[in-house]
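J.:
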Amino acid sequence: QANENFFIDKISGKLAGEFTPKETTQEKVITNVHSILYWVNRNDVLGPPPSNPYGNPQFNLWETPIQNWWAQNGNRYKITTWAEKPTEVDNIHTENPLLNISIVEPNTTSIYLPDQRIQLKLLNSGIYPLKKIDIFINNTFIGTTETPSNFSFIPEELDNLMSENELKIISYDIIYNRTETVSIFKIKQ
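In my numbering, the protein residues as written are 681 to 869.
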């Protein structure tokens, strides 16, 4: 068939799996150069390829020049074969990623003043360093940062502030594992 392909994880080099992030997924297309008559049945152009393209009297007139061109120029192109298809599935991106983030500040026991600058502090006990985080307070997107230790906010500058507020951090490590961490912080009213 035309467009025979498989997908790999660029980091592990293994077959992309259910949990492989789109950022690390790469499509590999099998190199199989032929004329269009090899791939398209002239009596059913939307159907499957012909089972015997050589049965078409025009086939060799189209296929021979293509194969001659490929013989002279094929070395200029990256060739992908089925032999390159990995046999194992990506095992570094899993249902339970090795990414473990704890929110240290703001903490759940303190009561913060509305005009107090709160410095975000996270603890990453995962295997890989953080790449970036997305920050939400009460389901409102606050920002994205690649340097969590430099992120701070002043509660009174936020919309829909309450006495108890939910802080949600979506974290991504350098191999694009993703996890969500939620904590509650309190503001003096």
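Don't be surprised by glycine CBs; every beta carbon is placed ideally from N, CA and C. Computed from a predicted model, the values in this text were never measured in an experiment.
Inspect the CB distances between the stretch 749-764 and the stretch 822-837 and report whether three or more fall short of 8 angstroms.
T.: No, the stretch 749-764 does not touch the stretch 822-837.
J.: Applying the 10 Å Cβ sphere with the 16-neighbour rule, what's the burial state of Asn-857?
T.: Buried, because 16 or more other Cβ atoms sit within 10 Å of the Cβ of Asn-857.
J.: Excluding the five sequence neighbours on either side, which residues of its own chain have a C-beta within less than 6 angstroms of the C-beta of Gln-869, listed in chain order?
T.: Ser-843, listed in sequence order.
J.: Just to confirm, are Leu-838 and Pro-786 a CB contact at a threshold of 9 angstroms?
T.: No, the Cβ-Cβ distance between Leu-838 and Pro-786 is not below 9 angstroms.
J.: So, do the stretch 688-699 and the stretch 723-738 have three or more beta carbon pairs nearer to each other than 8 angstroms?
T.: Because the criterion of three Cβ pairs below 8 angstroms is not met, the stretch 688-699 and the stretch 723-738 do not touch.
J.: Go through the stretch 753-835 residue by residue and report every complete run of the alpha helix (DSSP H) that reaches 4 residues or more, in order.
T.: You should have found no qualifying run.
J.: According to DSSP, is Gln-681 helix, strand or coil?
T.: Unreliable placement is indicated for Gln-681, whose pLDDT of 47 sits below 50; no coordinate value is reported for it.
J.: Along the beta strand (DSSP E) that carries Tyr-852, what are the first and last residues, could you check?
T.: Element bounds for Tyr-852: 844-853.
J.: What first and last residue would you give for the alpha helix (DSSP H) that runs through Ile-716?
T.: Run containing Ile-716: 716-719, per the alpha helix (DSSP H) assignment.
J.: Taking the straight line between their C-alpha atoms, what separation do you get for Asn-845 and Thr-767?
T.: Each residue's Cα considered, the two are about 47 angstroms apart.
J.: Kindly confirm or deny that the stretch 765-783 and the stretch 800-819 touch, where touching means at least three C-beta pairs closer than 8 angstroms.
T.: Touching, per the Cβ criterion.
J.: What is the residue span of the beta strand (DSSP E) that Arg-858 lies within?
T.: From DSSP, the beta strand (DSSP E) with Arg-858 extends over 858-867.
J.: Could you have a look at Phe-739 and say whether DSSP puts it in helix, strand or coil?
T.: DSSP places Phe-739 in helix when its eight states are reduced to three.
J.: State the Cα-Cα distance for the pair Thr-789 and His-773, rounded to the nearest angstrom.
T.: Near 34 angstroms, if we compare the C-alpha coordinates of His-773 and Thr-789.
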